[in-house]
Amino acid sequence: MRTGRGWLRGTIAAAALAVVQQSVCLAAEAAGESPTFFGVARDDTAFWSLVTFVLFLLVLKKLGWSPFVSAMSERERKEAELIAAAEAANRESQELLNEQQGRMEALDETLREVRAEAQRDADHTRKSIRETARSESEALNRRSRLEIERSRDQALNDLFERLADKVVERTEQTLRAGLGPSEQEQLVDQAVTDFVASRG
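Note that UniProt numbering gives residue 176 to position 176 of the sequence shown, counting from 1, and the numbers run on in steps of one.
See below:
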């Protein structure tokens with residue numbers, strides 16, 4: 001309310017000054033004198049510019065300086081708040097960025113660990129499969145050798161049994177026939193040849 005009254009008073013004072021100055025100038029012109037205002041010529045532009053500027057400063061100080069200063073202070077305060085808010089937002093976004101980078105680095109580390117573990121598992125599985133295949137191959141090899149040896153032994157046993165049977169048979173024939181030693185040897189050779197021919 002005080003600011004409104006001061007503004008009104010200043011406006012009235014400025015208007016009254018303008019009217020008084022105009023009246024004095026008109027009266028001086030009517031009297032045929034050079035118009036003056038309080039002894040100063042109307043044409044003195046420098047003086048009147050100075051007076052106008054001083055009056056403007058006084059009116060500005062009286063009416064508008066406090067609102068102007070408070071408006072400027074308010075503007076500075078708002079700008080400072082905006083700058084502080086922007087800096088806080090910038091700090092927060094930087095913290096979020098750092099946090100996200102930390103998470104990404106942790107994720108990268110986790111992925112490296114998972115990849116390394118998968119590689120270790122794959123190597124272990126590969127090694128285990130090789131070991132199993134080698135042991136199964138060795139076992140199969142052993143079984144095959146044993147089977148071959150058993151089959152060979154069986155075949156040799158069969159061979160010896162047949163040979164023995166043939167020798168016995170020929171010996172019986174020789175004994176019955178009363179053959180001599182050379183004939184008996186020839187008979188044994190014949191039995192062996194017959195046996196080999198029967199195998200082939």
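For glycine and all other residues, C-beta sits at the position ideal for the given N, C-alpha and C.
**OP:** Could you tell me if residue 201 is buried or exposed, where buried requires 16 or more neighbouring beta carbons within 10 angstroms of its beta carbon?
**Re:** Shown here, the chain extends from 1 to 200; a query on residue 201 therefore has no answer.
Original post:
What's the C-alpha gap between HIS90 and ASN98?
Top reply: What you label residue 90 is simply residue 90 of the sequence shown in a count that begins at 1. What you label residue 98 is simply residue 98 of the sequence shown in a count that begins at 1. Reading off the sequence shown, one finds Asn at residue 90, where the question assumed His. Cα to Cα, ASN90 sits roughly 12 angstroms from ASN98.
**OP:** Would you kindly work out how many angstroms separate the C-alpha atoms of GLU76 and MET104, rounded to a whole number?
**Re:** Here residue 76 corresponds to residue number 76 of the sequence shown, with the count starting at 1. Here residue 104 corresponds to residue number 104 of the sequence shown, with the count starting at 1. Straight across, the Cα-Cα distance linking GLU76 with MET104 is about 41 angstroms.
Subject >> alpha helix (DSSP H) segments (min. 4 residues) lying fully within the region 64-102 >> reply: With a minimum length of 4 residues, no continuous alpha helix (DSSP H) run stays inside the region 64-102.
Original post:
What number of angstroms, rounded off, separates the C-alpha of ALA46 from the C-alpha of VAL69?
Top reply: As a working note, residue 46 is residue 46 in the sequence shown. As a working note, residue 69 is residue 69 in the sequence shown. Approximately 29 angstroms, taken between the alpha carbons.
Subject >> Straight-line Cα distance separating GLU149 from SER135 >> reply: Numbered from its first residue, the sequence shown carries residue 135 at position 135. Numbered from its first residue, the sequence shown carries residue 149 at position 149. Here the alpha carbons of GLU149 and SER135 stand approximately 21 angstroms from one another.
**OP:** Say whether the region 122-131 touches the region 157-165, bearing in mind that this needs 3 or more beta-carbon pairs closer than 8 angstroms, one atom from each stretch.
**Re:** No, they do not touch.
Original post:
With 16 as the cutoff for other CB atoms within 10 Å, does ALA133 come out buried or exposed?
Top reply: Along the sequence shown, read from residue 1 onward, the residue named residue 133 stands at position 133. Around the beta-carbon of ALA133, fewer than 16 other beta-carbon atoms lie within 10 Å, marking it exposed.
**OP:** For ALA86, count neighbouring Cβ atoms within 10 angstroms of its own Cβ and tell me buried if that reaches 16, exposed if not.
**Re:** For the purposes of this step, residue 86 is identified with residue 86 of the sequence shown, where counting begins at 1. Flag for ALA86 reads exposed.
Subject >> Residue burial classification, ALA191 (beta-carbon count within 10 angstroms, cutoff 16) >> reply: Taking the sequence shown and counting its residues from 1, the one referred to as residue 191 is at position 191. Buried, by the Cβ-count rule.
**OP:** Identify which residue in GLU183, GLU147, ASP189 has its Cα closest to the Cα of VAL167.
**Re:** The residue labelled residue 167 in the question sits at position 167 within the sequence shown. With distances taken between Cα atoms, VAL167 lies closest to ASP189.
Original post:
How close, in whole Å, do the beta carbons of LEU187 and ARG170 come, if the pair is a contact with beta carbons under 8 angstroms?
Top reply: What you label residue 187 is simply residue 187 of the sequence shown in a count that begins at 1. What you label residue 170 is simply residue 170 of the sequence shown in a count that begins at 1. Contact between LEU187 and ARG170 holds, with the beta-carbon distance rounding to 5 angstroms and staying under 8 angstroms.
Original post:
By how many angstroms is the C-alpha of ALA118 removed from the C-alpha of THR125?
Top reply: To locate residue 125, count along the sequence shown from 1; it is residue 125. To locate residue 118, count along the sequence shown from 1; it is residue 118. Cα atoms of THR125 and ALA118: separation of roughly 10 angstroms, rounded to the nearest angstrom.
Subject >> Of the residues LEU175, ASN141, ASP165, the one placed nearest PHE195, counting alpha carbons only >> reply: As a working mapping, residue 195 is identified with position 195 in the sequence shown. Here the closest residue by C-alpha is ASP165.
Original post:
Taking 7 angstroms as the line, does the beta carbon of GLN101 fall inside it for any heavy atom of the ligand ADP?
Top reply: Absence of the ligand ADP is noted for the structure shown, with no ligands found whatsoever.
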